[in-house]
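Residue numbers (the working numbering): 136 to 662.
Have a look at this one:
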């Protein structure tokens, strides 16, 4: 007896559909098997159960932004007794939590594990794929190109910018002291100062944010940082579709038009000026629109000039390439420095003995003079630098770093599969009592040379470490030294809030929810 397949299968069109159905079914089957295998491999790492549901462990962290940082840190502190590597599921995505120097070294020292986590994709509309967000050969080539621009001799040219803007900051603080004698929030003052510094250093032009804080460009920068924080902390806003349909998406499009328009205009004007050999005229012109709050800057090679020089030396850099690197410098060099300076002032203002030692050092270097700081002066401010380092230990500007693993990686004996996100908790790493006894205490002496010997090289990483460390860390430390020394030469600082009462927000950068309230008393120097 012959066996015949049903006609609906043997018909020409049906054969194609049947074959397609088999292929799709097999593909789905193998995808499910692969997913189950992936979940099982990840779940061998200690942590919260998840991975088989769409939400994963997300419901455990559906709290307000004010509560989120404390909730996550609390979870790590509680669970770390289970081992040096922990796991949570952010929806269907596994996150491996790392907080030991040995784990940091495995990830950060590896030349192939350089991919940033998927959250960095939120920066692409603004920064495209500049040095912060690029990977692979593009990152390697850009890093090689940009490293010489942060040479110590070149950075020395920016000290004048730091000094000039710091003097404006002192004027603004003096005015605030006159009207708010009981104290005020220093954070917005520092924010505007660092924005002026980074804009002049990166683009060679002044936006005068300290005098015109309502200017179009400063407002757009602040708005973009706030939107990035929203996307990072609100699960619904991590969907590109939902974000672009929201009011935040509309606000971002408006901001990008301002930010990219301004940068493009500066690049074109700078190129034209150089082409016409008019750099020696000591001014640049990027338009007369009063909303730009633009003031011509004196002649000084900016980061932008160095990029243009590179493109003129045969290295192919389009205007878009130059813009993404300038925008990246603007983003990375603004909020992070503000946070470091503000936390340093809080801690110094909370410890009178430390402030006394800082002022003694300032007196030795500057005496009663109100002259600007020089490179040599900054090199002499060793105790102040220890204070900055200790502030960055307690309050690292970026408390959590993310990497996407491109290959299976063994960390503390656990195999972490490729395509997994690892979160490196700098905030917890810096509180390792083995390397930092009494870790919650503010003790700048930890960073005296004799006290730092033998310390694990990856237990203190405020600027990351390894091949993808922060390219601008020397710039940042110099800037922070100038601003802090200028403030402390002019004012006695007293913190008005106890550290334990300050609510921390991890909004890309670790910041205080309610600012840093200080009482500043003016010092009178003899000329």
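In this text, a Cβ means the ideal position worked out from N, Cα and C, and glycines have one as well.
These figures come from a predicted structure and were not determined experimentally.
For residue 614, the closest alpha carbon among the candidates 471, 404 and 248 is that of 471. The beta carbons of residue 265 and residue 509 sit no closer together than 7 Å. Going by DSSP, residue 313 is part of the alpha helix (DSSP H) stretching over 294 to 314.
Classified as exposed, residue 169 has fewer than 16 neighbouring CB atoms from the shown chains inside 10 Å of its CB. Counting of Cβ neighbours within 10 angstroms places residue 286 among the exposed residues, the total staying below 16. DSSP lists 653 as the bridge partner or partners of residue 630. Residue 238 sits in a helix when the DSSP states are folded into three classes.
Remark: fewer than three beta-carbon pairs, one from each stretch, lie closer than 8 Å, so the segment 351 to 366 and the segment 452 to 459 are not flagged as touching. Taking C-beta atoms as the reference points, residue 334 and residue 342 count as a pair closer than 7 Å. The beta carbons of residue 332 and residue 296 sit closer together than 7 Å. Per the Cβ contact rule, the segment 533 to 544 is in contact with the segment 553 to 572 (3 or more Cβ pairs under 8 Å). Note that the C-beta distance between residue 182 and residue 223 is below 7 Å. When rounded, the separation of the alpha-carbon atoms in residue 206 and residue 238 is 22 Å.
Taking every protein chain shown into account, the CB of residue 411 has fewer than 16 other CB atoms within 10 angstroms, so this residue is exposed. For residue 613, there is no enclosing beta strand (DSSP E); the enclosing alpha helix (DSSP H) has its first and last residue at 608 to 625. Across the structure, residue 475 and residue 526 are spaced so that their CA atoms are roughly 7 Å apart. In the structure shown, residue 399 falls within a helical segment according to DSSP collapsed to helix, strand and coil. Within its own chain, the residues whose Cβ lies closer than 6 Å to the Cβ of residue 610, once the five positions on either side in sequence are excluded, are 290, listed in chain order.
Per the C-alpha coordinates, the member of 381, 339 and 623 positioned closest to residue 401 is 339. Of 313, 318 and 473, the smallest CA-CA separation from residue 616 is found for 473. Within the same chain, Cβ atoms closer than 6 Å to the Cβ of residue 320 are found at 650 and 652, the five residues on either side in sequence being excluded.
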